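Have a look at the structure below, then the notes.
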Amino acid sequence: EQLHFQLYNLMGQKVEAAVQEEGNRYRFSSGHLPKGVYLLRVVGREGRASFRLVKE
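16 is the number of the first residue of the sequence shown in our numbering; add one for each residue after it.
Here it is as structure tokens:
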């Protein structure tokens, strides 16, 4: 299943986006992001999910 990943800061600005077409793992680098709280949205054919991420 193709998955779409979107990472937003708390101001609602998209700071990262990617599409995963194969496999069941996805990795992205957060080194360029400032410390803070982010919202990760994952959207696929079967539905969508949101996760709160904290970078310290």
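C-beta atoms are modelled at their ideal positions from N, C-alpha and C, and glycine is treated no differently.
Because the structure is a prediction, the values reported are computed rather than measured.
Residues near residue i in its chain [Cβ-Cβ closer than 7 Å; skip 5 each side]
| i | result |
| --- | --- |
| S44 | none |
| R63 | R56, V57 |
CA-to-CA distance, residue j to residue i, given in whole angstroms
| i | j | result |
| --- | --- | --- |
| E31 | L22 | 5 Å |
| E71 | S65 | 20 Å |
| A33 | G59 | 12 Å |
Rounded Cβ spacing between residue i and residue j (contact assumed at less than 8 Å)
| i | j | result |
| --- | --- | --- |
| F20 | V57 | 6 Å |
| Q35 | L55 | With a Cβ gap of about 13 Å, Q35 and L55 do not count as contacting. |
Closest by C-alpha distance to residue i, when choosing among the options
| i | options | result |
| --- | --- | --- |
| L68 | G38, K50, E61 | K50 |
Own chain, CB closer than 8 Å to residue i, minus 5 neighbours either side, in chain order
| i | result |
| --- | --- |
| G38 | none |
Beta strand (DSSP E) segment containing residue i, residue limits
| i | result |
| --- | --- |
| G51 | 51 to 59 |
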